[in-house]
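Undergrad: Below you will find the structure I want to go over with you.
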Amino acid sequence: MKDAIKVAPRSTRRIVFGAYFLLLLAMALFPPFYLSVSGSAALVAGIPLPIFYWVSNAVLAGLGVWALYIVESVNGELPEEGNPNG
Amino acid sequence: MVKFSGGSDLYITFGMIGIFLVLMIAVLYATNRKSTSFSDYAVGGRSYGPWFIAMSYTNSWWPGSTFTAFFALSVGGVLGFYGMVYATLGVTAMYLMANRAWTWGKRFNLTTQPDLLGMRYNSPAVKRIASLIGIISVFPWVVMGIQALATLFQFASFGQWTVTSCLIAGVVIVLIRQYWTVSMGMRGLIMTDMFQGLIAYVLCAALCLVLLSGAQTSYSHLSQLPPKMLIIPGGTHSTYGPWYMFSLIFTGVIGSMCWPMSFQRIYTASGVRAVKKGTLLTMLLVGGFYCILMLFAAAASGDPKVAADPQHGWFLALFDVGGPWMLAISIVIVLAASIGHVDGCVQVCGTQFANDLATWTRPRSDRQLTLLAKAGMIVFIVAAAVLAYLTFDYSRLQLLAQISYQGIIQLAVPLFFGIFSRRGNKQGAIAGMLVGIAIAIVLTAIYPDDVPWLGSLTSGIVGLIANFAVFVGFALALKPSAAEAARIQALFDSVETGKVSIPAATSLTT
């Protein structure tokens with residue numbers, strides 16, 4: 000897995016993560032997307048779909064940044080630091 | 000006015016507040032260290048790791064009103080959940096700008112967000128305008144933060160204290176706390192942010208999870224929410240146009256790094272890795288805490304007392320569940336969040352005053368800058384305290400706070416272009432910010448909520464569109480000189496290569 004992440008060129012990674020975050024932005028900002036779930040009483044994980052929609056957008060954003068951190072870490076793009084507090 | 004039975008339980012609520020304040024002061028004394036330079040005082044010597052960055056950002060991001068205004072939104076419907084979307088997407092920007100923002104900050108000894116703008120556009124005017132916009136925008140929030148403390152004392156006294164007494168108590172608490180903000184600067188702030196954050200966000204989230212697993216505000220209530228609560232504003236039967244939610248969320252997303260106290264967290268980090276790891280933890284804290292609180296608010300919406308007074312629903316719900324002990328915990332949680340937010344605002348405004356504005360006519364020594372920052376903080380908090388007292392129950396203050404949000408996002412154009420693009424110039428940055436903020440102020444005064452004939456776009460977004468057009472127009476019309484182009488090239492290359500070879504024109508000292 001680490002090797003696969005390492006061989007991916009930087010430009011490819013930028014396109015993949017760029018597209019991912021743009022999709023999440025569209026999900027959050029583009030009215031036809033979020034209005035399509037407005038008023039729905041369907042339940043997902045015990046909560047109504049409109050609430051689940053917003054929660055999942057935030058969770059996906061968190062997972063995306065987490066994945067980006069791992070990719071940058073594996074590729075040695077995050078410099079080690081001295082001895083920070085905390 | 001808050002009314003309760005059980006006036007003899009004052010010792011519980013005030014006892015808990017007292018314990019909280021004593022512990023907070025103990026943390027301050029235990030971690031007290033004399034600052035050795037202005038950078039040390041303003042950004043804690045750029046020495047903090049991910050957890051401190053995360054907790055400090057969260058403190059500066061969610062004020063006490065999260066437990067009143069945002070809580071009320073989720074009691075009323077699904078609208079309140081938009082907060083976690085813009086909070087998490089917004090903090091993503093901190094991750095993406097970490098490399099350049101932190102590296103430039105370290106290299107040029109930058110201590111504030113306007114400092115970076117001034118360096119990037121090689122213009123003291125850009126720095127000063129951005130700094131003024133930041134300080135003016137933050138001010139109403141500090142005033143409202145102090146006033147919100149008055150509400151806490153109304154609950155703590157079970158409605159027995161008069162509004163004036165509660166307000167005076169709130170002002171006194173804030174003023175006392177600011178003694179350490181002024182004397183210790185960023186170090187004191189970050190240490191207490193950790194303590195306050197553990198109470199305001201971690202304890203709160205844990206408490207809400209326990210309550211959601213109980214019977215009174217059970218998680219299962221969420222499956223029975225009435226249909227009207229599930230309507231997202233902007234649809235067919237909504238009073239708002241289709242672009243209302245877009246405006247709210249977009250404002251929040253780009254606004255996250257525009258608020259000077261949020262951006263300044265980048266400069267407190269020990270390195271790029273600390274900023275990036277701190278962002279991951281911030282997302283967990285900012286999003287996780289808010290999600291759990293809002294789920295609790297929605298689950299509590301069936302409580303008739305909460306539904307009748309959603310602004311105070313957090314206190315009422317906890318009092319119903321656990322009486323005065325639980326009320327005391329709810330008060331301490333909001334107190335921790337409120338103090339954390341006010342501290343961050345005061346610290347950054349004092350720092351910006353010294354670093355960005357008081358250097359108008361001549362450079363200052365580290366000692367002078369530190370003294371000026373302290374003086375700025377004192378003036379700022381005293382002015383806010385006086386105004387908080389004089390304008391209590393002044394409804395237009397809310398309007399000022401709305402204008403401030405629409406105003407602060409005008410920094411987004413020069414900030415995001417400045418960090419992510421080599422294009423743009425100081426003329427565009429200055430003209431764009433001024434045009435944007437003028438439009439935002441005028442439109443907010445006429446349309447405080449949204450502009451109906453623009454599909455419910457908010458005034459700030461309209462200003463931002465004009466700001467963007469002006470910035471791009473100047474970028475296209477005025478080509479940079481060869482020296483400026485070389486400076487920008489070297490600036491961006493230096494982050495990639497790690498080599499310092501910036502032309503001398505970059506050394507912006509005023």
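Just so you know, the protein sequences line up as chains A and B, in that order.
FYI, numbering that gives the first Met the number 0 numbers position 35 of the first sequence as 34, with every residue one higher than the one before it.
FYI, numbering that gives the first Met the number 0 numbers position 234 of the second sequence as 233, with every residue one higher than the one before it.
Positions of the beta carbon are idealized from the N, C-alpha and C atoms, including for glycine.
(1) Tell whether a beta-carbon distance below 8 Å holds between A336 of chain B and Q146 of chain B.
(2) At a Cβ cut of 7 Å, what residues of the region 29-41 of chain A count as close to chain B, listed as they run along the chain?
(3) Please go through the same chain and pick out, in chain order, the residues whose beta-carbon is closer than 7 Å to the beta-carbon of I291 of chain B, but skip the five residues on each side of it.
(4) If you draw a straight line from the alpha carbon of T267 of chain B to that of W65 of chain A, how long is it in whole angstroms?
(5) So, using beta-carbon positions, are P323 of chain B and T12 of chain B closer together than 8 Å?
(6) Helix, strand or coil: how does DSSP classify I46 of chain A here?
(7) Considering only DSSP beta bridges, list what A268 of chain B is partnered with.
(8) List the endpoints of the continuous alpha helix (DSSP H) containing S38 of chain B.
(9) Say whether chain B places a C-beta atom closer than 8 Å to the C-beta of P8 of chain A.
(10) Grab me the residues of F138 of chain B's own chain with a C-beta within less than 7 Å of its C-beta, minus the 5 sequence neighbours each way, in chain order.
(11) CB A44 of chain A to CB F51 of chain A, shorter than 8 Å?
(12) Of the residues that make up the region 57-69 of chain A, which ones have a beta carbon closer than 8 Å to any beta carbon in chain B?
(13) What residue range does the alpha helix (DSSP H) around Y243 of chain B cover?
(14) Quick check on DSSP: helix, strand or coil for V494 of chain B?
(15) Three or more beta-carbon pairs under 8 Å between the region 24-35 of chain A and the region 47-57 of chain B, yes or no?
(16) Report the CB separation of A97 of chain B from V285 of chain B in whole angstroms; it is logged as a contact under 8 Å.
(17) So I332 of chain B contacts chain A; which residues on that side make the cut at Cβ distance below 7 Å?
(18) Using Cβ-Cβ distances below 9 Å, what residues of the region 169-194 of chain B are close to chain A?
(19) Could you check the C-alpha separation between S255 of chain B and G89 of chain B for me, to the nearest Å?
(20) Determine which residues share a DSSP beta bridge with L456 of chain B and list them.
(21) Using a Cβ cut-off of 8 Å, pull out every chain B residue sitting near V54 of chain A, in sequence order please.
(22) Can you name the start and end residues of the alpha helix (DSSP H) that M93 of chain B belongs to?
(23) I want to know whether the region 178-190 of chain B touches the region 337-355 of chain B - three or more CB-CB distances under 8 Å.
(24) Based on Cα-Cα distance, which residue from B:I16, B:F80, B:N31 lies nearest to I46 of chain A?
(25) What does L24 of chain A reach in chain B if we use C-beta pairs closer than 8 Å?
(26) Looking only at its own chain, which residues have a Cβ that is under 7 Å from the Cβ of Y33 of chain A, when we skip the five neighbours before and after it?
(27) Can you say whether E71 of chain A is buried or exposed, counting buried as having 16 or more other CB atoms within 10 angstroms of its CB?
(28) Quick check: the Cα distance between G75 of chain A and Y68 of chain A, rounded to an integer number of angstroms?
(29) With a threshold of 8 Å on Cβ separation, who are the neighbours of T515 of chain B within its own chain once the five nearest residues in sequence on each side are excluded?
(30) Suppose the cutoff is 8 Å on Cβ atoms and the five residues either side in sequence are ignored; what does the same chain contact list for V412 of chain B look like?
(31) Rounded to a whole number of angstroms, what is the C-alpha to C-alpha distance between L507 of chain B and E483 of chain B?
(32) Which of the three DSSP states, helix, strand or coil, is assigned to L224 of chain B?
(33) Select from B:N354, B:A374, B:I402, B:G375 the residue whose C-alpha is nearest the C-alpha of D365 of chain B.
(34) Taking all protein chains shown into account, decide if A41 of chain B is buried (16 or more other Cβ within 10 angstroms of its Cβ) or exposed.
(35) Using a C-beta cutoff of 8 Å, does G75 of chain A count as contacting chain B?
(36) Output the distance between the C-alpha atoms of L21 of chain A and M193 of chain B, rounded to the nearest integer angstrom.
TA: Put simply:
(1) no
(2) P30, Y33, L34, S37, G38, S39, A40
(3) A204, C207, L208
(4) 21 Å
(5) yes
(6) strand
(7) B:Y47
(8) 37-42
(9) no
(10) A383
(11) yes
(12) A57, V58, A60, G61, G63, V64, W65, L67, Y68
(13) 243-254
(14) helix
(15) no
(16) Not really, about 16 Å apart at Cβ, beyond 8 Å.
(17) Here the premise fails: no neighbours, minimum Cβ distance about 22 Å.
(18) I189, M193
(19) 5 Å
(20) B:V450
(21) F80, M83, C290
(22) 81-106
(23) yes
(24) B:F80
(25) L88, V252
(26) Y52
(27) buried
(28) 11 Å
(29) Residue 515 of chain B lies beyond the residue range present for chain B, which begins at 0 and ends at 509; the question has no answer from this structure.
(30) A428, G431, M432, G435, L463, N466, F467, F470
(31) Low confidence applies to L507 of chain B: its pLDDT is 45, below 50, so where it sits in the model is not reliable, and the reading given next is rough at best. The straight-line gap from Cα to Cα measures roughly 13 Å.
(32) coil
(33) B:N354
(34) buried
(35) no
(36) 33 Å
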